[in-house]
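Residue numbers (our numbering): 12 to 440.
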C-alpha cells in the first residue's frame, strides 16, 4: 500500500485518467495499513518509501547548494561599486517536496506552492494526522477536513492566513496522497461519526493483514530489485505535464475501446451492489469506483515508465481489469475493517483466538492458549473451557496429540476452519 501511494504521488499532476469528458481521476491514493503494534508496519513502510526519501534528500542538498551560491553572489553584488552592480541576483525558489510529515493545511499549502507535482503525506502513525484535523478547530475541525476532501481529488486549495508575507495562497491543483499505519483500536477511536458523515473515512483504502508470529529469516531484499524500483520511480518522476499557454496541465490518458466497455460493466455492477449496502459501506463503495480507475492509471504509468507500454498508449482492458480487481479486493478489506470496528468483545475474542490458532498451524492446546493469552485466560482451566466453547460452536474439534513428557497423551483443539478464513463479522447492507 505505501508503494501504491508513493507511485501515485510520483505521477502526481502530470497525468489524469479520463473516463468521460467531465470525469477525470488523479492518481491520488489515501491508504491506511491497519495492524497492532509490533506487526512490522514501520520497516515495510520505510522500505516502500525509500525512493521518495532518497529523492527528497537529493532535492534538499541541491537546494542548499543553490542557496549558498545565491548568498555568495549577493554578497559580491553588495560589495561591488554601485555603478558596477547591475541587477541583484535572483534568490532561489523554495525547495521542492515530494513527501512531507506536516499535517496542517497551511504547511501543506507552502509545500504545494513549491511542488506543483503534488506531495505525499507519509506518516508512520496516522493517529497524529487524524488528531491534527481538529487540533486548532472547534466543532469537529470542519475547515481542515473540507480542505483535505478537496485535495483527495486534486482540487483547488485556497488558504487565507493572518500572518506571513503571503496572506492568501491559491493552489490550483492540490494533489495530496496520504499513507501510514494505524492500530486497530486507534482507528476505531479516531474514525468518529462525523468522519463517516462527511466522507473522509470513505476515501481511505484499508488493509488489515492477519496477525502472524514472527520467524527469523536470513532473507533480505535483493539489491537488484531495489535498483529496479529506484529506476522505476525515476521514470515516474520524469513524467511531465502538458505545457499550455495558461500553465502546465495534466495529460489526459484515455481508455481504449475494450477498456471503456469493461469499465462500464464494472460501474453498473458496482452501483447495483452499492444500492444494497448500509450508509457507511455505500459511501466507501462510491469512492472505490473512482479508485479502480486511479489504480489502473498507476499500473499503466508504471508500464510506461518501465518501457513495457508506449507513452502515448491508451489504458488497455488488461490494465483496467487489474485496477478493478484490486479495487474489489479493497472493498472486501473495507468490509472486514468496518466489521472489526463494530464487533463486540465476544466477537473480538473469537476472532483473535482463531487467528492465533490459525497462525500456529491450526492446532493449540489449552496450556498454549493460556501461555500466549494469559490476560484473557488466567488459567489452563479457563483456556480449556473457552476451547470447549469453540468446539460446541462448530469452530473445531478435540484431537489427541503426541504423548507428553510424562507419557500421557494430551488433547489439543484443532480448528475446523481454514486458517485463512475471515472470522471478522462482515458488515452487510
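Even glycine gets a Cβ: it sits at the ideal position worked out from N, Cα and C.
- Taking residue 116 as reference, the option from 256, 228, 157 and 367 with the minimal CA-CA separation is 157.
- Here the alpha carbons of residue 388 and residue 399 stand approximately 13 Å from one another.
- If you draw a straight line from the Cα of residue 108 to the Cα of residue 129, it is about 8 Å long.
- When C-alpha distances from residue 274 are compared across 255, 333 and 253, the shortest belongs to 333.
- Between residue 326 and residue 272, the C-beta spacing is not below 7 Å.
- Look at residue 110 here: in three-state DSSP terms it is strand.
- Remark: fewer than three beta-carbon pairs, one from each stretch, lie closer than 8 Å, so the region 89-97 and the region 61-69 are not flagged as touching.
- With a cut-off of 8 Å on Cβ pairs, the region 68-88 is not in contact with the region 254-270, counting fewer than three such pairs.
- Residue 110 holds the alpha-carbon nearest to the alpha-carbon of residue 134 among 110, 118 and 155.
- Taking C-alpha positions only, residue 37 is separated from residue 279 by approximately 21 Å.
- Assignment of residue 250 by DSSP, reduced to helix, strand and coil, places it in the coil class.
- According to DSSP, residue pairing for residue 374 in a beta bridge involves 425.
- Remark: C-beta atoms of residue 28 and residue 312 do not approach each other more closely than 7 Å.
- Here residue 240 has 62 as same chain residues with Cβ atoms under 7 Å from its own Cβ, once five neighbours each way along the sequence are excluded.
- Secondary structure note for residue 179: its beta strand (DSSP E) is the uninterrupted segment 179-182.
- A contact is defined here as three or more CB-CB pairs under 8 Å, and the region 368-386 fails this definition with respect to the region 293-313.
- With a cutoff of 7 Å on beta-carbon distance, residue 188 and residue 119 are scored as not near each other.
- Put simply, of 329, 293, 58 and 421 the residue whose alpha carbon is nearest the alpha carbon of residue 231 is 58.
- At a Cβ-Cβ threshold of 7 Å, residue 213 and residue 307 do not count as neighbours.
- Between the C-alpha atoms of residue 391 and residue 365 there is a straight-line separation of about 17 Å.
- The Cβ-Cβ distance between residue 168 and residue 155 does not fall below 7 Å.
- Taken atom to atom, the span from the alpha-carbon of residue 318 to that of residue 13 is near 23 Å.
- Judged by DSSP secondary structure, residue 312 falls within the alpha helix (DSSP H) whose first and last residues are 290-316.
- Rounded to the nearest angstrom, the Cβ distance from residue 42 to residue 16 is 5 Å, consistent with a contact under 8 Å.
- Annotation: the region 351-406 contains no complete segment of the beta strand (DSSP E) (minimum length 3 residues).
- Per the DSSP secondary-structure output, residue 326 pairs in a beta bridge with 266.
- Within the DSSP bridge table, the entry for residue 136 names 192 as partners.
- Excluding residues up to 5 positions away in sequence, 106, 107, 108 and 109 lie with their Cβ nearer than 8 Å to the Cβ of residue 70 in the same chain.
- For residue 34, the enclosing beta strand (DSSP E) begins and ends at 34-36.
- Setting aside the 5 residues that flank it on each side, residue 270 is surrounded in the same chain by 326, 327, 328 and 331, each with a C-beta closer than 6 Å to its C-beta; the list follows chain order.
- Straight through space, the alpha carbons of residue 184 and residue 100 are spaced by roughly 30 Å.
- Within its own chain, the residues whose Cβ lies closer than 8 Å to the Cβ of residue 47, once the five positions on either side in sequence are excluded, are 194, 195 and 222, listed in chain order.
- Of 412, 403, 413 and 421, the smallest CA-CA separation from residue 427 is found for 403.
- Nearest C-alpha to residue 142 among 102, 206, 251 and 83: 206.
- In the structure shown, residue 258 adopts extended strand secondary structure according to DSSP, grouped into three states.
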